[in-house]
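Each residue of the sequence shown is one higher than the one before, counting from 1 in full-length UniProt numbering.
Have a look at the structure below before the remarks.
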Amino acid sequence: MGDNEIIELFWQRSEDAVNNLKRKYGALCRTVIFGILYSPEDAEECENEVYFKVWSSIPPKRPLDLAAYICQIARRLALDKYRYYHRQKRNITEIELAAAELSGCIPSNDHIDEYLDNITVENTLNDFLKTLSKRDRIIFLRRYWFFDSIKEISALTGINENTLKVILHRARKTLYKVLIKEGVAIEEL
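What follows is the structure in structure tokens.
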């Protein structure tokens with residue numbers, strides 16, 4: 001079933017909408033969530049929250065890209081759950097490391113969701129990603145969207161860890177310049 005047909009089922013408030021959404025994008029949703037939470041029980045609970053959130057938001061929303069829409073919701077809910085569970089812990093995780101690496105380009109974790117919801121920021125980030133080579137785009141997204149460790153990205157791509165760090169550093173510098181040029185960078189963090 002196509003995305004437009006699934007969205008139409010949501011607009012009709014048909015229970016088949018969620019079943020078709022699960023069938024088409026369930027594995028993708030679980031991958032995004034599990035990459036952040038690493039717990040099957042928490043991931044399953046979060047996945048159900050994603051479907052409820054989609055059910056609650058369509059209508060009134062009519063997403064242009066259903067896969068991106070569900071991934072965005074899944075990622076945001078998984079990060080919220082992650083922050084809730086790890087608020088008191090002192091060990092630094094890949095999520096905190098990735099956020100620290102991007103700290104020169106984006107605001108603190110407390111305001112990142114509002115920042116990324118800004119349509120200008122979203123468009124600027126999408127335009128920036130299009131300027132990267134396919135290899136660098138995959139590396140950038142694996143690190144800052146999926147929160148893979150440098151070691152995991154190295155195993156996935158076959159690129160040594162030092163080279164990956166250089167690629168990511170250059171991409172962050174370029175992103176910062178693009179955000180400044182577009183007037184959307186947060187200079188005082």
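Note that the Cβ used here is the ideal one computed from N, Cα and C, for glycine as well.
What you are looking at is a predicted structure, and each value in this text was computed from that prediction instead of being measured.
Of all C-beta pairs linking the stretch 40 to 48 to the stretch 63 to 73, fewer than three are shorter than 8 Å, placing the two stretches out of contact. In terms of CA proximity to residue 138, 171 leads the group 74, 123, 171 and 28. In this structure, residue 75 and residue 32 form a Cβ contact; the two beta carbons are roughly 5 Å apart against a cut-off of 8 Å.
For residue 40, the enclosing alpha helix (DSSP H) begins and ends at 40 to 57.
In summary, residue 177 is exposed, with fewer than 16 beta-carbon neighbours lying within 10 Å of its beta-carbon over all protein chains present. Membership of residue 153 in the alpha helix (DSSP H) is indicated by the continuous run 150 to 157.
Looking at the backbone, the Cα of residue 168 and that of residue 16 are separated by about 42 Å. Here residue 5 is exposed. Its C-beta has fewer than 16 other C-beta atoms within 10 Å. In this chain, the alpha helix (DSSP H) harbouring residue 162 covers 161 to 182. DSSP places residue 13 in the coil class of the three-state scheme, outside both helix and strand. The C-alpha of residue 47 is placed about 35 Å away from the C-alpha of residue 162. Rounded to the nearest angstrom, the Cβ distance from residue 154 to residue 164 is 6 Å, consistent with a contact under 8 Å. For residue 166, the number of other beta carbons within 10 angstroms of its own is below 16, and it is reported as exposed. Residue environment: residue 158 is assigned as exposed (fewer than 16 neighbouring CB atoms within 10 Å of its CB, all protein chains considered). If you draw a straight line from the Cα of residue 9 to the Cα of residue 54, it is about 12 Å long. Take the alpha-carbon of residue 28 and the one of residue 51: they are about 13 Å apart.
Rounded to the nearest angstrom, the gap between the Cα atoms of residue 174 and residue 129 is 10 Å.
DSSP places residue 140 inside the alpha helix (DSSP H), whose first and last residues are 134 to 144.
Cβ neighbours of residue 151 within its own chain (closer than 7 Å, five residues either side excluded): 161.
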